[in-house]
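Some notes on the structure that comes next.
Residue numbers (my numbering): 413 to 1102.
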């Protein structure tokens, strides 16, 4: 039984329910306590009011807005120390596990093998030319030159270059090839223990091995190994082989000037061997001088001694191995240039071996071209009786117009005696052989704005098509046939020499072989190579499309195919109309120069450009083009190591028209063997047949 609530009166006479009030006050206290607890939990505090400790204060307590989400310096520094410690631990673990391997055997390196177009072996190149010598047999001056050029703080560094590693890391991030800035120790490790592959894995191995080798081997031993394993060009590994290759003496006899040049070619023989080109010579001379100055700056040579070496120490000409005698050395040279232009492959890589180079060269055509040159030289030139017949050189190249394959070249009498490749060397003016490009440029100018009857979308570059010829400057046709200069000089002025140059380059001539744009430009002051001129003339039988010359159909490394080699897609150099009209004029030139084979009722339809008796330059050219082959032949005179060309007057006798008759004879002798003959038409030469 519940008793009635007690009610009491206050001074005013009011009464109150005491129990109910107490309950309400108690509930309010509990609600306030619960709210304070929740607030403490949200604020990261314990029940006693103290802040709760967190491992990572993020988001940051006591901050509002963006500051709440900004890491504190304590957090940043802590994470950095954690990362650095982990990295150091990993680095130490890897370093402890790395063992210095046995040096790889240079004698076990594979050769690089070159193959003919039919798959038969042409030549094997890359047997290691190396002879180790003790560091005591290398003059101190040579050692100082190498250290000054390659790694000035070699004797004090840890064996690695931090800046070089950073540069390699940046290149990796950018997707570029890893490279550069290596110390002598790193290069020694790469040469002795690792491959030459530019990969991340190899660079990491190089880093750890360099650190370990630097601690385990004295600097003198590392420098000796580096000098004995480095590539100096000219198929020479090591300073001893290089000393013989460049100066014909043992390394111990090198003087400081010669040593500075060998230190210069360490940077890359392709760019610094002074015998390879005029540009190379200038680069080599500049670096040679810099290395001598650098030794003064680093204190390894006195200024007084430096003053003694002012004359550049010219090395002897390079010598090819006997396996590259005859035309083989020239073929290898052209293939190597093509490989290097299409990829990152270097002469050092090729010398290291393991490559299979399948070339486009056809053995029977190479032999036929060489035989044609030798035949004409033997029958028409007599250097013992006529001084004008001395120092006569011939360069020739034969290209398949359909795809640009170089099937044959004649680079000189013998690659191991005559080092310069006459087939692939600029420096011989094209003279009247350049005029067809002026003619074509004039026709293109006339065609501007006119409707074309033939479509350029035809996928077959050799398929005959009907064309509507433009109104052409016909005086150029007769001038081309008669080797008259004046109309071409006037035409060049009228249409603009840049237009002529652009068309010639689009046809395949190299920009760097183009002469200055002055009035004589139109009559052939430019100096294209035989390979490039034969390639450019293919546009006149390909309906205006040019084919880029190539010499390597396939490349393999250790049995794995390397992509990026083979024929390129033909490109538009001129209109089909212009090519047809110029081709018709060239047919007249070819007929007058060669005519049908003697004693045969046959002919091969071809177009040709040539120099003539009106040319007063020091060269004679003939370029004959059929659907099967485009072959250029150049004849000129030059003394060994003397840049200016000698005059051609009187070559072959007083009635030889300055030797201009000989290149057509060489072309004819070669073409009769290399291409099939067709029935000779009774009405004379074809006028418009491609």
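Ideal placement from N, C-alpha and C gives every residue a C-beta, glycine not left out.
These figures come from a predicted structure and were not determined experimentally.
| Item | Value |
| --- | --- |
| Alpha carbon to alpha carbon, what distance is there between residue 956 and residue 860? | 16 Å |
| Is the region 526-542 in contact with the region 764-779, if contact means three or more CB pairs nearer than 8 Å? | yes |
| Report back the beta-carbon spacing between residue 740 and residue 836 to the nearest angstrom; my notes put them in contact at under 8 Å. | Their Cβ separation, rounded to whole angstroms, is 14 Å, which puts residue 740 and residue 836 out of contact at 8 Å. |
| Check whether the region 804-824 touches the region 941-958, taking contact to mean three or more Cβ pairs, one atom from each stretch, closer than 8 Å. | yes |
| Where do the N-terminal and C-terminal ends of the beta strand (DSSP E) with residue 830 fall, by residue? | Where residue 830 is concerned, there is no enclosing beta strand (DSSP E), given that its DSSP letter is neither H nor E. |
| Residues in the same chain with beta-carbon distance under 7 Å from residue 802, minus the five sequence neighbours each way, listed in chain order, please. | 795 |
| Find the nearest neighbour of residue 1054 within the set 687, 1072, 655, judged by alpha-carbon distance. | 687 |
| Can you tell me the Cβ-Cβ gap for residue 820 and residue 940, rounded? I've got them flagged as a contact below 8 Å. | Incorrect: roughly 18 Å between the Cβ atoms, too far for contact. |
| With burial defined as no fewer than 16 other Cβ atoms inside 10 Å of the residue's Cβ, what is the status of residue 988: buried or exposed? | buried |
| Assuming residue 807 is part of the beta strand (DSSP E), what are its boundary residues? | 804-811 |
| Across the region 692-709 and the region 657-673, are there enough close Cβ pairs to call them in contact, namely three or more that are closer than 8 Å? | yes |
| Am I right that residue 763 and residue 647 are in contact with their C-beta atoms under 8 Å? What's the rounded C-beta distance? | 6 Å |
| If you compare alpha carbons, which of 703, 978, 567 is closest to residue 560? | 703 |
| Given that a residue counts as buried once 16 or more other Cβ atoms are within 10 Å of its Cβ, and exposed if not, what is residue 443? | exposed |
| Measure the C-alpha to C-alpha separation of residue 1086 and residue 780 and round it to an integer number of angstroms. | 7 Å |
| Please report the distance separating the alpha-carbon of residue 930 from that of residue 922. | 18 Å |
| Answer with buried or exposed for residue 650, where buried requires no fewer than 16 other C-beta atoms within 10 angstroms of its C-beta. | buried |
| Tell me the start and end of each unbroken alpha helix (DSSP H) in the region 895-977 that is at least 4 residues and wholly inside, in chain order. | 898-907, 909-919, 942-948 |
| Does the beta-carbon distance from residue 1043 to residue 1032 come in below 7 Å? | no |
| In angstroms, rounded to a whole number, what distance separates the CA positions of residue 594 and residue 573? | 6 Å |
| Among the candidates 1047, 1052, 826, 1062, whose CA atom is the shortest distance from the CA of residue 1077? | 1047 |
| Excluding the 5 residues preceding and the 5 following residue 714 in the sequence, name in chain order all residues of the same chain whose CB lies nearer than 8 Å to its CB. | 708 |
| To the nearest angstrom, report how far apart residue 1057 and residue 682 are at their CA atoms. | 26 Å |
| Whole-angstrom Cβ separation of residue 1037 and residue 1020, contact assumed at under 8 Å? | 7 Å |
| Who are the near neighbours of residue 1082 in its chain, counting only those whose CB is closer than 6 Å to its CB and skipping five residues on each side? | 780, 781, 784 |
| Taking 8 Å as the threshold, find out whether the region 541-558 comes into contact with the region 597-605 through three or more Cβ pairs. | no |
| Based on the DSSP output, what are the partners of residue 542 in its beta bridges? | 649 |
| Give me the DSSP bridge partner(s) of residue 817. | 962 |
| Whole angstroms are fine: how far does the CA of residue 846 sit from the CA of residue 1041? | 19 Å |
| Going by other Cβ atoms of all chains shown within 10 Å of its Cβ, with 16 needed for buried, is residue 928 buried or exposed? | exposed |
| What would DSSP say about residue 688, mapped onto helix, strand or coil? | coil |
| Excluding five sequence neighbours on each side, which residues of the same chain lie with their C-beta closer than 6 Å to the C-beta of residue 700? | 672, 673, 676 |
| Alpha carbon to alpha carbon, how far is residue 1026 from residue 765? Give it in angstroms, no decimals. | 51 Å |
| With DSSP collapsed to three states, give me the class of residue 853. | helix |
| With distances taken from CA atoms, which of 664, 570, 934, 789 is nearest residue 908? | 934 |
| Cα-Cα, which of 565, 824, 799 is closest to residue 809? | 824 |
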